[in-house]
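There are 2 protein chains.
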Amino acid sequence: MKQFAVIGLGRFGISVAQSLSEKGMQVIAIDKDGGKVKDAAEFATRALELDATDKNDLSNAGIENVDAAIVGIGKDIASSVLITLILKEIGIKEVISKALDPLQGKILQKIGAERVVYPEKEMGIKLAESLISPGIFEYIKLSSSHTLIEVDVPKNFEGKTLGNLGINTKYGVQIVAIKRKIMQTDKTGKVGFSEKIIVAPSADDGLINGDRFVLLGENKNIEKIKKVK
Amino acid sequence: MKQFAVIGLGRFGISVAQSLSEKGMQVIAIDKDGGKVKDAAEFATRALELDATDKNDLSNAGIENVDAAIVGIGKDIASSVLITLILKEIGIKEVISKALDPLQGKILQKIGAERVVYPEKEMGIKLAESLISPGIFEYIKLSSSHTLIEVDVPKNFEGKTLGNLGINTKYGVQIVAIKRKIMQTDKTGKVGFSEKIIVAPSADDGLINGDRFVLLGENKNIEKIKKVK
Ligand SMILES: Nc1ncnc2c1ncn2[C@@H]1O[C@H](COP(=O)(O)OP(=O)(O)OP(=O)(O)O)[C@@H](O)[C@H]1O
Ligand SMILES: Nc1ncnc2c1ncn2[C@@H]1O[C@H](COP(=O)(O)OP(=O)(O)OP(=O)(O)O)[C@@H](O)[C@H]1O
């Protein structure tokens, strides 16, 4: 069972603490603001009200053995930097600190943060990617040369089998799976959808309207097939 | 070629604008702060200094035909809500608005935002996921029952071929690809690494120390193989 400490329960910090806790992890939540500590106490293993820039107080919080500590303090740069330093001095093996700007991030890395997170900037990048490729629901950059993506099946492929389409030979991409929405009517006549996944589809599997497929291949081949209408 | 408008060039907004622009999209960047407009002018197709709560000014900005408009204003709730409403009234087909809290998000949705983004909260969730599964470099929730993930190859699998391991039969998961770091020495004797990807590996492919594989399967089977040491 993994144990984490989250210092600074702002919107980012509280979200980290809650998500970890929901997945069954042990979370020690720390903040100088009693109200935030009280909220965290609802789900955290322990919730402590203390000023984390006080090395004594933080050392007595019993967090030396956590697998990782997350510093969710952005605006207060002095605190974010000081607390990150103290955590490394206490001996915490992995410290992840939030930063608002690259300069703050550089300082945090120099004093030992294993990882710096820029929530606003990173979400901006993520949103831009999903706006550029809206037919792409999920996307993994497998390496600098390969990509794995989930896309809408082009209109031209509908009603054909994978064997007929010869996608592997024609585009050089692997079809890892086909995702299909199955319409179901319950006994009250209400219509709903469930999703069916055909993993490692064969040449006889056909594609129908509304299908999405998960493709794997070299970037240039993925780009080629994305252009098919 | 897609066209976007970004209103509010805070850290989130500027990041969206920059990422879109880097990928070759047309971006109209808008802010009431001249300094931010000047920065955006470095890369945006057009950068306009105006108060976006002024319906006339915004209507004359020439953004009616954008594919989507992004409102990157969080703290100033009144502006964020008013601008989102004006954008829908101008007829912009897709409006994505940033929100700091669920209440603000609910209001934005009620007035027509197609999508609401919570950068701090969503990054918190994403960080928590990567902390819980650190050997998992990328993860796609393929559906409510299937997952696609990239994991370190367990020590016990090293030195064996996929045929011997019978992973498909034993765990019911598909090995979509093997990722391997190849050590290379250049002519100056300096050592570097490049990544090799074996797509749709065969039974004769072996696994070596340091390999990662990309697996696809039902959630419960993925959970089972994750526990293998
Ligand atoms: N020295 C400190 N000790 C403990 N908690 C602190 C300390 N300094 C700041 N905090 C707490 O950290 C939290 C976040 O701080 P801050 O507002 O600086 O960050 P933020 O980056 O704006 O947060 P958000 O994630 O909401 O955007 C606040 O709840 C604050 O009480
Ligand atoms: N009425 C308006 N018209 C145009 N721009 C505006 C208006 N109101 C705010 N802005 C701009 O939006 C930007 C972001 O505003 P704000 O600080 O409220 O958001 P934020 O959520 O804190 O931003 P960040 O993404 O940096 O966290 C600022 O650059 C500000 O000048």
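Protein chains in written order, with numbering that gives the first Met the number 0: chain V, 0 to 228; chain R, 0 to 228. C-beta atoms are modelled at their ideal positions from N, C-alpha and C, and glycine is treated no differently. All figures in this text were calculated on a predicted structure; none of them were measured in a lab.
According to DSSP, R/Arg45 sits in a beta bridge with which residue or residues? Your numbering for residue 45 of chain R matches position 46 in the second sequence. For R/Arg45, DSSP records a beta bridge to R/Ile27.
Verify the CB distance criterion: does R/Ser14 have a CB-CB separation below 8 Å to chain V? On the second sequence, residue 14 of chain R is found 15 positions in, with the first residue counted as 1. True, the Cβ-Cβ gap to chain V drops below 8 Å.
So, is the C-beta of V/Glu119 closer than 8 Å to a C-beta in chain R? What you label residue 119 of chain V is simply residue 120 of the first sequence in a count that begins at 1. Chain R, which has a Cβ nearer than 8 Å to the Cβ of V/Glu119, makes this yes.
State the Cα-Cα distance for the pair R/Lys159 and R/Leu206, rounded to the nearest angstrom. Within the second sequence, numbered from 1, the residue matching residue 159 of chain R stands at position 160. Within the second sequence, numbered from 1, the residue matching residue 206 of chain R stands at position 207. Rounded to the nearest angstrom, the two C-alpha atoms are 6 Å apart.
In whole angstroms, what is the alpha-carbon distance linking R/Pro200 and R/Ile174? Counting from 1 along the second sequence, the entry for residue 200 of chain R is found at position 201. Counting from 1 along the second sequence, the entry for residue 174 of chain R is found at position 175. Cα to Cα, the separation comes out at about 7 Å.
Based on DSSP bridge pairs, tell me the residues matched to V/Ile72. Mapped onto the first sequence, residue 72 of chain V falls at position 73. Per DSSP, V/Ile72 has no beta bridge partner at all.
Taking C-beta pairs closer than 9 Å, name the residues in chain V that R/Met182 reaches, listed in chain order. Residue numbering aside, residue 182 of chain R sits at position 183 when the second sequence is read from its first letter. Within chain V, no residue comes near R/Met182; the closest Cβ sits about 16 Å away, beyond 9 Å.
Measuring only the C-alpha atoms, how far is V/Gly191 from R/Ile29? Within the first sequence, numbered from 1, the residue matching residue 191 of chain V stands at position 192. Within the second sequence, numbered from 1, the residue matching residue 29 of chain R stands at position 30. Between V/Gly191 and R/Ile29, the alpha-carbon positions lie close to 42 Å from each other.
Check this for me: beta carbons of V/Ser14 and R/Glu217, under 8 Å apart or not? Locating residue 14 of chain V in the first sequence gives position 15, counting from the first residue. Locating residue 217 of chain R in the second sequence gives position 218, counting from the first residue. Not in contact: V/Ser14 and R/Glu217 (Cβ atoms no closer than 8 Å).
Quick one: residues in its chain with C-beta nearer than 6 Å to the C-beta of R/Val198, no 5 flanking neighbours on either side, listed in chain order? Taking the first residue of the second sequence as position 1, residue 198 of chain R is located at position 199. Only Ala176 meet the Cβ criterion.
Look at the Cβ atom of R/Ile27, then the Cβ atom of R/Ile62, and state whether they are nearer than 8 Å. Mapped onto the second sequence, residue 27 of chain R falls at position 28. Mapped onto the second sequence, residue 62 of chain R falls at position 63. One thing to note: R/Ile27 has its Cβ within 8 Å of the Cβ of R/Ile62.
Rounded Cβ spacing between R/Ile221 and V/Leu19 (contact assumed at less than 8 Å): Counting from one through the second sequence, the residue named residue 221 of chain R turns up at place 222. Counting from one through the first sequence, the residue named residue 19 of chain V turns up at place 20. Not quite, the Cβ-Cβ distance comes to about 20 Å (not below 8 Å), so this is no contact.
Assign V/Ala16 to one of three DSSP states: helix, strand, or coil. Numbered from its first residue, the first sequence carries residue 16 of chain V at position 17. In this structure, V/Ala16 counts as helix in the three-state DSSP scheme.
Tell me which same chain residues have a C-beta within less than 6 Å of the C-beta of R/Leu57, skipping the five on either side of it? The count along the second sequence starts at 1 and reaches residue 57 of chain R at position 58. Counting only Cβ-Cβ distances below 6 Å, and skipping sequence neighbours, we find Ala51 and Ile85.
Measure how close the beta-carbons of V/Gly171 and V/Asp203 come, nearest whole angstrom, since I'm counting them as under 8 Å. The residue given as residue 171 of chain V occupies position 172 in the first sequence. The residue given as residue 203 of chain V occupies position 204 in the first sequence. Contact flag wrong, Cβ pair sits at about 21 Å.
Is the beta carbon of R/Ala40 within less than 7 Å of some heavy atom of ligand 1? Locating residue 40 of chain R in the second sequence gives position 41, where the first residue counts as 1. No, Cβ of R/Ala40 sits at least 7 Å from all heavy atoms of ligand 1.
What runs of the beta strand (DSSP E), each 3 residues or longer, lie entirely inside the segment 50-126 of chain R? Assignment of beta strand (DSSP E) within the segment 50-126 of chain R, counting only whole runs of 3 or more residues, yields 67-70, 94-97 and 114-116 in chain order.
Relative to chain V, which residues along the segment 161-191 of chain R have a C-beta separation below 8 Å, given in chain order? Those would be Gln173, Val175, Ala176 and Lys178, in chain order.
Helix, strand or coil at R/Ile135 [DSSP, three-state]: Along the second sequence, one-based indexing puts residue 135 of chain R at 136. The predicted position of R/Ile135 is uncertain, since its pLDDT is 46 and thus under 50; no value can be drawn from it.
Which runs of the alpha helix (DSSP H), 4 residues or longer, sit entirely within the segment 139-176 of chain R? Those alpha helix (DSSP H) runs which fall completely within the segment 139-176 of chain R and span 4+ residues are 161-164 and 166-170.
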